[in-house]
Amino acid sequence: MEYTILDLEWNSAYAPKIGGYLNEIIQFGAVRLDSHLQVIDTYDTFVRPQTGRITRLVTELTNITDDDVKNGRLFMDAFRRFCRFAQDSVILTWSDGDLRELIHNYRYYTGKIELPLRAQYADLQEYCQSRLPALPGGRQLGLADAAVQLGLDPEAFALHRAIDDSLLSAECLRCTFDEAELARRIIPMDTRLYQRLTFKARFITDRRDPLIDPAQFEFVCPLCGGELAGKEDWGLHNRQFFRRFTCRACGKKLKARVQFKEKFEGVQVKRSIQEDLPKPAPAEAEA
Ligand SMILES: [Zn+2]
C-alpha cells in the first residue's frame, strides 16, 4: 500500500460562472509514501487563478502572492499531473475539506464531481485524532496542534505552504502509524463519497415538504403525559418550527420546537418541549 498526502492552498473569489464563491485552488502540495512511509516522490505546483486576485488574508496565511501564481499551471493541467502522481495509492488529507475543494474545482471546469482517479481515501485528521487524547469540547485537532502533541516542531516546517503541510502530515502519520487501524478508515473513492462531499445540507422550512414526517409534530405534556391543546398553528422562527400549547390535564403552558435538517445521510430531527415560563420581570430599579 502506498499513500499520497495532499494539501491544497486556495483563494476564495467570486466566480460569475457559478454566481457564487469558489475556493479556487492556487497550490498543490503532495508527498507520495511507500508502505514503510518513506517519501518516494513529491508534487508541488502553483495554479494560476482564473477568478480573481489573491486576497490579503490568503497571502498572510500562506505567503502566496499574485507574483507566485502568475506563471502557475492552469488548474486542469495541475490536476491531471496530480492524478498521475496519486494513481493507485491511498489519498490522505487533513480533514476532508481539501478533497471537497478539489472536487468543487474539478466540477467548476468539467461539470462533473467524480474525479478520474483510481485511488482510495482516508481522513488523516480523523485517524490522528483517534490516536491522540481527546480535545476539550470535541474540538477538531489542527495539524500544528497534532504536531506539538507528538513532540514535533511545527516551526521547522514553513506551515501553510502546501508541500510543507504535507511533509508535516507525513511526520504525524509516522508517529501514530498503525497499519491495521489506518486500513479500517480507508474508503473507496466512489460515487457515494463524491455525492456525500458535494451534498449541501439545508434546513427544511416548508411544512409540506415530503421529507417531513408529520408525526414529529406530535407532542404530549412532558410533565404529566396529558393531551395538549394549541390555539395557534405551528410558526417558523430561526429555521425551526415552534408552537405554544396548554396541557388539558395539568393546565401548564408549554412551548414545543422542531427542527428538520436534510443531510446526505438523511433527515436529522431535533425536538424539544418545555414549560413556557413568563419572562422574568425586570429587576426593580434601586431607589
Ligand atoms: Zn400536563
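Mapping of the sequence shown onto our numbering: residues 134 to 420, in sequence order.
Positions of the beta carbon are idealized from the N, C-alpha and C atoms, including for glycine.
Separation of residue j from residue i, as counted between CA atoms
{"i": "residue 210", "j": "residue 218", "result": "12 Å"}
{"i": "residue 337", "j": "residue 328", "result": "20 Å"}
{"i": "residue 326", "j": "residue 150", "result": "25 Å"}
{"i": "residue 283", "j": "residue 148", "result": "40 Å"}
{"i": "residue 173", "j": "residue 313", "result": "22 Å"}
{"i": "residue 401", "j": "residue 198", "result": "42 Å"}
{"i": "residue 380", "j": "residue 363", "result": "9 Å"}
Minimum C-alpha distance to residue i - residue among the options
{"i": "residue 372", "options": "392, 154, 190, 398", "result": "392"}
{"i": "residue 424", "options": "326, 408, 231", "result": "This structure does not reach residue 424, given that the chain is present from 134 up to 420, and the question cannot be answered."}
{"i": "residue 304", "options": "164, 253, 334, 224", "result": "164"}
{"i": "residue 216", "options": "285, 342, 138", "result": "138"}
{"i": "residue 212", "options": "152, 332, 180, 306", "result": "180"}
Residue i (DSSP reduced to helix, strand or coil)
{"i": "residue 90", "result": "Coverage of the chain is limited to positions 134 through 420, which leaves residue 90 absent and any answer about it impossible."}
{"i": "residue 332", "result": "coil"}
{"i": "residue 169", "result": "coil"}
{"i": "residue 324", "result": "helix"}
{"i": "residue 305", "result": "helix"}
{"i": "residue 389", "result": "strand"}
{"i": "residue 163", "result": "strand"}
{"i": "residue 204", "result": "coil"}
{"i": "residue 284", "result": "coil"}
For residue j and residue i, believed in contact at Cβ under 8 Å, the rounded distance
{"i": "residue 378", "j": "residue 367", "result": "With a Cβ gap of about 11 Å, residue 378 and residue 367 do not count as contacting."}
{"i": "residue 382", "j": "residue 360", "result": "7 Å"}
{"i": "residue 261", "j": "residue 279", "result": "5 Å"}
{"i": "residue 319", "j": "residue 177", "result": "In fact, because the Cβ distance is near 25 Å, the residues do not count as touching under 8 Å."}
{"i": "residue 142", "j": "residue 168", "result": "In fact, because the Cβ distance is near 28 Å, the residues do not count as touching under 8 Å."}
{"i": "residue 344", "j": "residue 395", "result": "6 Å"}
{"i": "residue 258", "j": "residue 322", "result": "With 8 Å as the limit, residue 258 and residue 322 do not qualify as a contact, their Cβ atoms being about 17 Å apart."}
8 Å CB neighbourhood of residue i in its chain, flanking five on each side removed
{"i": "residue 358", "result": "382"}
{"i": "residue 188", "result": "144, 145, 146"}
{"i": "residue 298", "result": "140, 162, 227, 276, 290, 292"}
Nonlocal neighbours in the same chain, by C-beta distance under 6 Å from residue i, ignoring five residues either side
{"i": "residue 285", "result": "304"}
{"i": "residue 410", "result": "none"}
Neighbourhood of residue i by C-beta, 7 Å cutoff - its chain only, sequence neighbours within 5 removed
{"i": "residue 420", "result": "Any reading at residue 420 needs caution, since the residue's pLDDT is 48, under 50, leaving its predicted position unreliable; the model's value is listed next. The answer is none, since no qualifying residue turns up."}
Short CB-CB distance (under 8 Å) between residue i and chain D
{"i": "residue 317", "result": "Among the chains of the structure shown, chain D does not appear; only one protein chain is present."}
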